[in-house]
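Report on the following structure.
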Amino acid sequence: MLVLRLQRLGKKKNPSYRLMVSEKTKDTQAGTLEHLGTYNPVVTPKVVNLNVERIKYWISVGAQPSASVNNLLINEGIIKGDKEKSVFLSQKRKGKLETKKVADAEEKEKREAAAKEKAEAEKVAKAEAVAKAKEEAEAAKQAEAEKPEVVETPVEETKEVKE
1 MLVLRLQRLG KKKNPSYRLM VSEKTKDTQA GTLEHLGTYN PVVTPKVVNL
51 NVERIKYWIS VGAQPSASVN NLLINEGIIK GDKEKSVFLS QKRKGKLETK
101 KVADAEEKEK REAAAKEKAE AEKVAKAEAV AKAKEEAEAA KQAEAEKPEV
151 VETPVEETKE VKE
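For the record, in the sequence shown the residue sitting at position 63 is 63 according to UniProt numbering, with numbers rising by one throughout.
Encoded structure:
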């Protein structure tokens, strides 16, 4: 069975791909029948150079595009149809992700509850501080009102005599 798929080229952390036709059982690095174009997803905008006539020919002959190539060809408007899911997760991995989602949701709820409690505590503390300040102000007014008036009398200066 023939398949249209991507062959990875390029440096480490800087991939570019070659679209090619090969046997499904063969490695992408060995035994390609024809190179149909290039795809560079790293640069902005993404560079896609495809030989549309040859791609349509190979599909008409019976070559099947891989999921990634199918999605790329749909994006470029070469073929029509629905996109395929190109990343598959095992049941084990799905279970781990679900467990992580649940744990994250519980942790988020705890953080929100702690933040609510903290805000409530700050609100109560602020109200108590305001009440205490009012009480102190009233006590100071009462103390000032009850305080007898002190009349200051001038003090006569005395001279010290040295012996």
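Yeah, the Cβ is synthetic: ideal placement off N, Cα and C, and Gly gets one too.
In this text, all values refer to a predicted model and were calculated from it rather than measured experimentally.
Residue pairing by DSSP places Y39 opposite Y17 and V48 in a beta bridge. When only Cα atoms are considered, K13 and V43 end up about 12 Å apart. Annotation: N71 to V48 spans about 13 Å, alpha carbon to alpha carbon.
In this chain, the beta strand (DSSP E) harbouring G10 covers L2 to K11. Residue pairing by DSSP puts S22 in a beta bridge opposite V3 and T32. Counted as a single uninterrupted DSSP element, the alpha helix (DSSP H) harbouring L72 occupies residues A67 to E76. Straight through space, the alpha carbons of G10 and S16 are spaced by roughly 5 Å.
The Cβ atoms of N51 and G37 sit closer than 8 Å to each other. For S86 against L4, the beta-carbon gap comes to about 13 Å, at or over 8 Å, which does not count as contact.
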